[in-house]
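Each residue of the sequence shown is one higher than the one before, starting from 77 at the first, in the numbering used here.
Positions of the beta carbon are idealized from the N, C-alpha and C atoms, including for glycine.
Computed from a predicted structure; not experimentally measured.
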Amino acid sequence: MSYSFAKCFDPNGARHGIPTFPWRCAPDGYATRRQLRARGMRPGGQPVAGQVLRPRYRRGPLVAYLYRLDQAKPVRPMTPAKRAALVKANIARRTCPQCRTDAGYVIPTSLGVCVPCAYPDDEQRAA
Numbered sequence: 077m078s079y080s081f082a083k084c085f086d087p088n089g090a091r092h093g094i095p096t097f098p099w100r101c102a103p104d105g106y107a108t109r110r111q112l113r114a115r116g117m118r119p120g121g122q123p124v125a126g127q128v129l130r131p132r133y134r135r136g137p138l139v140a141y142l143y144r145l146d147q148a149k150p151v152r153p154m155t156p157a158k159r160a161a162l163v164k165a166n167i168a169r170r171t172c173p174q175c176r177t178d179a180g181y182v183i184p185t186s187l188g189v190c191v192p193c194a195y196p197d198d199e200q201r202a203a
């Protein structure tokens, strides 16, 4: 057993406070949020039941929290109101606040406006 494996193996939670397992070594019956979502489930308000750690050099370890499968609940279905809200939000992300036109793409938050509004001089050179 390697040293990094030993640091991440704490099934009783004595060292980390919750059961801890090395990366890709979680026991059956536990899943991450992503794994639950792939199964069409959600944690459903349950507390974190464990974690998996992946040691990294020069930085802290990567952590993925585990939830119990037997306490997970099915994902709530998409309602018409939710769908309408998502459509509105996506339209807002594509609309330039300066020229009020649909940019045809999601406007980068780093620019805050569409590309022609951010770089008006480049448009004149191209013509």
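query, result
"Counterpart residues of G89 in DSSP-defined beta bridges", "Its beta-bridge partners do not exist; DSSP assigns none."
"Bridge-paired residues (DSSP) for R130", "L138"
"Span of the alpha helix (DSSP H), counted from its first residue to its last, around P153", "Careful: P153 lies outside any alpha helix (DSSP H) and carries neither H nor E."
"Of the listed residues Q147, A82, P131, P87, nearest to G121 (C-alpha basis)", "Q147"
"Own chain, CB closer than 7 Å to K149, minus 5 neighbours either side, in chain order", "M117, R118, G120"
"CB of Y106 within 8 Å of CB of Y143, strictly", "yes"
"Beta-carbon separation (whole angstroms), V128 vs A165, contact threshold 8 Å", "Not confirmed; about 33 Å, so no contact."
"With 16 other Cβ atoms within 10 Å as the buried cut-off, status of C175", "exposed"
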